[in-house]
Structure formats: structure tokens, C-alpha cells
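Heads up: the structure comes next, in C-alpha cells.
Protein chains: 2
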Amino acid sequence: MTDAPRLDRQVCFALYSASRAATAVYRPMLEGLGLTYPQYLVMLVLWENEPRGVKELGEELGLDSGTLSPLLKRLEALDLVERRRSGEDERRVAIHLTAAGRALSSRATGIPQHLADAAGLSPDELEQLRTTLGRLTAALHDSH
Amino acid sequence: MTDAPRLDRQVCFALYSASRAATAVYRPMLEGLGLTYPQYLVMLVLWENEPRGVKELGEELGLDSGTLSPLLKRLEALDLVERRRSGEDERRVAIHLTAAGRALSSRATGIPQHLADAAGLSPDELEQLRTTLGRLTAALHDSH
DNA sequence: CACAATTCAGTTGTGCACAACTTACCAACC
DNA sequence: GGTTGGTAAGTTGTGCACAACTGAATTGTG
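Those sequence lines, one after another, are chains S and G.
With the first letter of the first sequence counted as 1, position 75 gets the number 75 in this note's numbering; the numbers rise by one all the way through.
With the first letter of the second sequence counted as 1, position 21 gets the number 21 in this note's numbering; the numbers rise by one all the way through.
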């Protein structure tokens, strides 16, 4: 056998595992809201500021229309969101929150704290992890 | 608007973004080998030690048979892997590397280094990130 | 030995990701 | 005013993840 890379030494695998473990902790809580994790992310963006175009959402989340279009249709079917063609620019679709979508935000308040509790890391460590991951993501995007 | 969680403060989103950014950096290199990222992970495990049962692979990678069964069929279609029913226990399927599968490992040697170069973090920081993520993943798994 | 409980791999169905493509629309230039 | 280039959203197709289930094989227990 050659000096093939070892699984347990790979940062990439550590990221992949941690990310799946974190969404697995979120899943049962989000199930209570009727949302998947990516749907929750879209709602987070809209709770901050709405309406938003599909492209804007994609830039915030790093997702393209191939992912967002069907996801937004599902949110619309749940009556959390409304899609309206813009009058000024018929290419654009503005995503508005419905009353139900707006109301859902209060039920989502405690979710991130629950992850922090389950993480087994101090607040300082969590904060440092977050900023390190931010730098890493930016550098990886710049690298091509 | 209530005090809804902010997207940019969430460790979970930072993990999700970093993980996707890292696999995006791997993707063009793995394309050269004809592999997807999860397929590459399976090959990594097999390069370390083979044959392995489907369940063993699942435990190393945190994936279930619903993910692995079709993935392994695709690796078999690529002639990198062979699936053999165990004689002793007819429930088990042993995954063996083919000659081509074994040969592929030498072409995969440089891949993790490329990620390290693109990461924009020092070796120390990368190492610390890896161990922090390992602790986080373990704690999240323990939390339920 | 009989048979209930467990284990293993596989299947089915849903929902992302992402590449490649399509369609509709807009804007700039001739 | 028509053409050309670019942009926004949507569609199609592939491959994960993961829950729920199936069927076959094995193990544990009375």
C-alpha cells in the first residue's frame, strides 16, 4: 500500500462529519416547525430582511437557482412564503413572507442556543471556531 | 420582528458553508479520478484496510446502507470495487478493491495537500481546527 | 429443537446540491 | 427599431443523505 491519505487526518472529512452532525441535532427541532435545515436557512435570511430576490438569497447562502427554486416552491406550498414577479423587472421574483412565515420566527428563537449547549465547547471556543471557519470558507472561495 | 437568530452568527451555517466550500475545492481534482467526494471517502477507508463490510464502512463514515448501497454499486460499475457475499455469514457483503481500485490510490496522494494550500490557514491552525471539529462531532453525537 | 428478536444489506421516497441547459426578459449599441 | 449580449429564474439529470421499510440470515432463549 502506498502513502495514501488517511481518513482521520483530513480536515475536509472533519468538516463534512461535523456539519452533518450539527444538522442532525437541528433536525428534530426543525421538524417541530415543519422545516428542513436548508429551508430554515432561507427563513433566517428572510426574517432579517424581506422581500428578497432568488439571486440575493443565493448569494447569502451560496446556493443556486437549481437548489432554491424547488425549495421556495415547497415553502410556498407550506404557506410560509409568497413568490411575486416584480413589476419593474419581469425576470425577478420577489420572495415575501406570509403572516405565518413571519409568525414562525418566534418559535425558532431557541434553536441555536440548543446547538451551543450540545456542542461541548466553551463560548470562546465556539466563537473562535466560527471565525476560523469564516476565514477558511473565504480562502477556499478565493482559491479558484 | 422578534429577536430571530441571525444567519451570520450561527456555527451551524459556518460549518455547512465551509464543508461545501471544501468539497467544491476537491471536486475538480476528484473529477480527474472519476470520483465524487463520498466515493473518495469510501476509497480512503478501503485503501487503509480491505475488505470491509458495508456496515463497517458505514460506521467509519457515519453513513447508512441507504446511502452506501447505491454508492458501492456505482464504484463496482467503475470497476474499482467488487462486492462478494460472505460465505460464513450470508447477510454480509464484503467490499474488495480491484486492481484498478488499488492503483487509484497513488493518483490521490496529493489531494489533501492541495486543500491545505487553499485553506489560507497555518498548519497549526488547521491541526487545531481538525481536533476542535472532532470534539464537536463527538459531543453532538453524544447529545442524543 | 422451535421461534422470537436482532442484524445486515438493500429498496423506496423525499429533499437537497450542483452542473448544464432553457426561457424570458432587459439593456446597449448599431 | 432590430440585433446582440447579458441576466434572472426555472428545468433536467445525477448523486448523495436520511427516514422508513423489506427480506433474508443469524442469534438468543425457552
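Glycine is no exception: its CB is placed at the ideal position from the N, C-alpha and C atoms.
query, result
"Under 7 Å (Cβ pairs) to chain G, residues found in the region 118-141 of chain S", "A118, A119, G120, L121, E125, L126, L129, R130, T132, L133, G134, R135, L136, T137, A139, L140, H141"
"Close Cβ partners of A118 (chain S) (< 7 Å) along its chain, the five nearest in sequence each way excluded", "V25"
"Minimum Cβ-Cβ distance from R6 (chain S) to chain G less than 8 Å", "yes"
"Cβ of H96 (chain S) within 8 Å of any chain G Cβ", "no"
"Buried versus exposed, by CB contacts within 10 Å (16 or more), V81 (chain G)", "buried"
"Residue(s) in a DSSP beta bridge with G53 (chain G)", "G:A94"
"Cβ shell of A14 (chain S) (< 8 Å), same chain only, five flanking positions each side left out", "none"
"Three-state secondary structure assigned by DSSP to R6 (chain S)", "coil"
"Listed by chain order, chain S residues near T23 (chain G) by CB distance under 9 Å", "C12, L15, Y16"
"Against chain G: residues of the region 33-56 of chain S by CB proximity under 7 Å", "L41, L44, V45, W47, E48"
"E76 (chain S) in three-state terms, based on DSSP", "helix"
"Below-8 Å beta-carbon distance, P70 (chain S) vs any chain G residue", "no"
"Backbone CA spacing between V11 (chain S) and G34 (chain S) [nearest angstrom]", "33 Å"
"Where E88 (chain G) falls: helix, strand or coil (DSSP)", "coil"
"Short Cβ contact (8 Å threshold) for R83 (chain G) with L72 (chain G)", "yes"
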